[in-house]
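Residue numbers (our numbering): -19 to 436.
No residue lacks a Cβ here, since even glycine has one placed at the ideal position from N, Cα and C.
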Ligand SMILES: Cc1cc2nc3c(=O)[nH]c(=O)nc-3n(C[C@H](O)[C@H](O)[C@H](O)COP(=O)(O)OP(=O)(O)OC[C@H]3O[C@@H](n4cnc5c(N)ncnc54)[C@H](O)[C@@H]3O)c2cc1C
């Protein structure tokens, strides 16, 4: 009996989509690179379903692409020819909120915004947040070790995971619903599945750490004239504002281009500057948080480090700052063949690295204009560059990743390697590391059925 027939016999209709029942949405993640609509989509409801499905696929050698919310930006969840998809979309239950342990337990297919809301309804706070919150799933966030806007305060997704249920390629269920802050009983196996992009197992349930909800929020847009001043502001903010929650930098051509691209965005400044920073802090003391924030800015302006600053007087002001920062969608729509980067560079090398990238692009591809912005507080910034054609775009990727390696940076600080960046992994990982990754993969998934060709 064929595998398809066997699976269709065991599982009811909503658990298996076959052929014409498979819509185009399963053909690609956000990169829109997908050309292959899978013949079969598996849609389990429980970890036990995932286990039974994988057991059958493993015996038959059927390759699987794991699909969460399909907002990934590295092609990891886009099917390749012959692969079936396993979508977590029906595993979307909030299982428990523990007010004493400060944890929430959810199925991995739950959209991030639903988990955020459940925490908020319980008077608590999940500090993971990114633009794709309404569509991405918590399992996808953990599989990619997502970052976002508050990493500077709370860390990456990894820092928020307390326990996990994951299913291996052969169907083995590893269930560790740990809620303890301290637990050194053996290897911390959940770490294998965080950031490994579905290559080592399928995450089906997670226990996440929650926090008391902040009651104050301060936002300012600062203008500065040099990268040395930007780093000075960062260091001063980290020292004097323990509640710093965002430090987002925009280079001037990104700032200006977004303002022109977005209908109702406006610069809070009348002058032009060399760098723009959104500085935010979230805290728990209504009496002093705002005062400390203003004092910091006043001191740095007096010292000439911050050239100008505008404090948000309302939520609308803060939203206007973020509208400019998040104008990447509008800006990309105006570019041809855009190349996107999410590189990580040690903070002290950011300026030299950007200069190097700029001069290299100018020399090799004079028509390319690159825009820079990002989470500089985490040493992570994005580049988007319009290119003339696919060949030039590839050349731009090659050049930028090579320079990233030269500065001991990461070719991907948050979006993951997926299928799109595998050939450049060696710029960030040495041979021994990649060999150990391969050994782990071969041990946990000897037939290579889970997300083959992703990461390396
Ligand atoms: C508008 C926008 C803004 C974004 N902003 C950010 C940002 O600030 N920071 C950031 O880090 N990313 C960002 N991203 C990228 C993306 O949202 C994240 O990578 C997100 O974590 C992916 O989640 P997903 O559920 O959509 O995963 P998918 O795209 O479905 O999958 C991503 C990878 O994880 C694997 N996977 C998915 N679910 C599971 C599972 N349950 N078990 C095992 N493997 C699994 C897939 O096979 C694939 O390799 C953004 C994307 C968009 C579109």
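Annotation: the segment 185 to 242 contains the following complete segments of the alpha helix (DSSP H) (minimum length 4 residues), in chain order: 207 to 220 and 232 to 241. Beta bridge pairing from DSSP links residue 257 with 202 and 229. The three-state reading of DSSP puts residue 417 in helix, counting H, G and I together. Pairing residue 355 with residue 416, the inter-Cα distance amounts to about 30 Å. The alpha carbon of residue 352 has as its nearest neighbour, out of 373, 369, 378 and 311, the alpha carbon of 311.
Rounded to whole angstroms, the gap between the alpha carbons of residue 31 and residue 152 is 7 Å. In the three-state reduction of the DSSP assignment, residue 59 falls in the coil class.
DSSP, read as helix, strand or coil, puts residue 369 in coil. Put simply, of 23, 365, 82 and 407 the residue whose alpha carbon is nearest the alpha carbon of residue 341 is 365. Counting C-beta atoms within 10 angstroms of its own C-beta, residue 233 has fewer than 16 neighbours from the protein chains shown and is therefore classed as exposed. Look at the beta carbons and you see the segment 268 to 283 not touching the segment 237 to 251: under three pairs across the two are nearer than 8 Å. Taking a C-beta distance under 9 Å as the contact criterion, residue 118 and residue 45 do not qualify as a contact pair.
Contact check between the segment 134 to 143 and the segment 168 to 176: three or more CB pairs, one atom from each, fall below 8 Å, which counts as touching. Distance from the C-beta of residue 9 to the nearest heavy atom of ligand 1 is below 8 Å. If you compare the alpha carbons of 78, 129, 125 and 89 with that of residue 104, the shortest gap goes to 78. Less than 9 Å separates the beta-carbon of residue 130 from that of residue 109. At a threshold of 8 Å, residue 124 counts as near ligand 1, since its beta carbon sits closer than that to one of the ligand's heavy atoms.
In this structure, residue 183 sits near residue 123, with a CB-CB distance shorter than 9 Å.
It is roughly 25 Å from the alpha-carbon of residue 21 to the alpha-carbon of residue 95. Within 8 Å of the C-beta of residue 115 there is at least one heavy atom belonging to ligand 1.
Not one heavy atom of ligand 1 falls within 8 Å of the beta-carbon of residue 187. Cβ-Cβ separation between residue 255 and residue 201: approximately 11 Å, too far for a contact (criterion under 8 Å). Residues of the same chain with a CB within less than 6 Å of the CB of residue 220, apart from the 5 flanking positions on each side, are 276 in chain order.
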